[in-house]
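Asker: Structure in structure tokens, see below.
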Amino acid sequence: MHRIELTAEEVEQALPVVREALARHGSVENPSFLEEATVYAHELPRRLRAFLNAFRLREPSGVCVVAGYPVDDAEIGPTPSDWRKPAEKPPAAEHEVFLALCGSLLGDLFAWAHQRDGLICQDLVPIERDAEAMLGSGSALELVWHTEDARYAYRGDYIGLMCLRNPDAVPTTYASIDDVELDPERAAPLFEPRFVFRPDPSHPTDKGCEQAAVLFGDPSSPYLRFDPYSMDRPEDEEARAAMDYLAGELDRRLTGVALRPGECLFIDNYKVVHGRSAFKARFDGTDRWLKRVNVTRDLRRSRSARKGVAGRLMF
1 MHRIELTAEE VEQALPVVRE ALARHGSVEN PSFLEEATVY AHELPRRLRA FLNAFRLREP
61 SGVCVVAGYP VDDAEIGPTP SDWRKPAEKP PAAEHEVFLA LCGSLLGDLF AWAHQRDGLI
121 CQDLVPIERD AEAMLGSGSA LELVWHTEDA RYAYRGDYIG LMCLRNPDAV PTTYASIDDV
181 ELDPERAAPL FEPRFVFRPD PSHPTDKGCE QAAVLFGDPS SPYLRFDPYS MDRPEDEEAR
241 AAMDYLAGEL DRRLTGVALR PGECLFIDNY KVVHGRSAFK ARFDGTDRWL KRVNVTRDLR
301 RSRSARKGVA GRLMF
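Next up, the structure:
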């Protein structure tokens with residue numbers, strides 16, 4: 001796994017950058033912060049910038065970890081009971097800024113208008129009413145692996161997760177298409193637009209669908225768009241067999257990482273499917289707590305789905 005551990009000196013260099021951005025803009029949800037995030041990100045330690053630049057350009061791994069940013073368990077307060085943020089300063093706002101700045105070295109942050117009130121940075125916490133739901137806020141059921149927002153052409157290139165609390169060492173699961181030695185004949189239908197993608201349960205108001213290929217790009221090193229849980233089963237036997245073949249190959253290569261406080265995990269959403277193991281939540285303020293952002297490498301591509309050239313909400 002592509003990984004960097006920040007030194008004490010690098011943390012001391014990053015802290016004033018993060019805190020200045022927070023003091024000036026108040027929140028990662030502020031449009032002025034989003035406009036200047038890349039500028040602030042250029043002031044992060046050079047080794048961190050080089051690390052994320054290599055992850056973006058060379059694709060050495062489907063996931064990478066940035067570790068070492070300090071988290072004070074008492075200072076961040078209890079794990080929220082819901083993803084909706086309070087009107088005042090959100091908990092762990094400083095950590096949202098650090099995650100956002102790291103993400104801004106990979107691209108531009110954005111959000112979906114029909115998902116979680118269009119929040120740029122979201123809390124991934126177990127919610128009691130969702131315990132048995134196939135959602136990031138679920139817990140009792142395994143969150144089945146998937147490409148994030150597979151139904152959408154403008155889905156993120158990267159998903160960024162920052163761990164604030166994970167006392168039960170709940171793994172984020174993942175599998176990379178790079179680890180699959182594809183049989184060209186069995187995989188051939190996957191490169192054709194024969195598959196119907198529907199919105200997952202986190203987009204409750206979107207009833208649309210899109211027909212597209214599962215694999216695309218260089219056939220010898222393809223990109224991936226796959227979410228069997230939210231896809232229609234193909235009517236033709238050849239496409240069904242190809243879909244089942246790839247699902248089985250990814251199942252066999254599924255692994256996981258239990259993030260620790262202060263670690264950021266960036267997932268290449270074009271190469272990796274990801275999920276989460278089931279766990280028993282307590283709903284007492286001590287449960288697993290992650291922050292999440294979506295990152296696109298090409299904001300301009302989605303201009304028709306956004307209101308205004310600088311807008312970050314996709315409709």
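For the sequence shown, UniProt numbering gives the first residue as 1, with consecutive numbering after it. Quick reminder that beta carbons are idealized off the backbone N, C-alpha and C, glycines included. Small disclaimer: the values here were computed from a predicted structure and weren't measured.
(1) By Cβ distance, which residues of its chain are closer than 8 Å to residue 10, with the 5 residues on each side in sequence left out?
(2) What are the boundary residues of the alpha helix (DSSP H) that includes residue 53?
(3) List the endpoints of the continuous alpha helix (DSSP H) containing residue 140.
(4) Indicate whether residue 157 and residue 107 have their beta-carbon atoms separated by less than 8 Å.
(5) Evaluate contact between the stretch 222 to 232 and the stretch 161 to 168, counting only Cβ atoms and requiring at least three cross-stretch pairs below 8 Å.
(6) Determine the direct distance from the alpha carbon of residue 36 to that of residue 24, and round the result to whole angstroms.
(7) Using the Cα positions of residue 112 and residue 199, report the straight-line distance between them to the nearest angstrom.
(8) Measure the Cβ-Cβ separation of residue 66 and residue 275 and say whether it is below 8 Å.
(9) Suppose the cutoff is 8 Å on Cβ atoms and the five residues either side in sequence are ignored; what does the same chain contact list for residue 210 look like?
(10) Would you check if the stretch 109 to 123 and the stretch 237 to 245 touch, i.e. whether three or more CB-CB distances between them fall below 8 Å?
(11) Please classify residue 314: does DSSP put it in a helix, a strand, or coil?
(12) Apart from the five residues on each side of it in sequence, which residues of its chain come closer than 6 Å, Cβ to Cβ, to residue 115?
(13) Which residues does DSSP pair with residue 197 in a beta bridge?
(14) Along the chain, where does the alpha helix (DSSP H) that runs through residue 159 open and close?
(15) Excluding five sequence neighbours on each side, which residues of the same chain lie with their C-beta closer than 6 Å to the C-beta of residue 32?
(16) Between which two residues does the beta strand (DSSP E) harbouring residue 342 extend?
Answerer: According to the structure data:
(1) 45, 47, 48, 68
(2) 46 to 58
(3) Here residue 140 belongs to no alpha helix (DSSP H), and DSSP marks it neither H nor E.
(4) yes
(5) no
(6) 11 Å
(7) 12 Å
(8) no
(9) 151, 152, 153, 196, 197
(10) no
(11) strand
(12) 202, 203
(13) 210, 231
(14) Run containing residue 159: none in the alpha helix (DSSP H); it sits in the beta strand (DSSP E), 158 to 165.
(15) 25
(16) Here the chain covers residues 1 to 315 and nothing more, so residue 342 does not appear.
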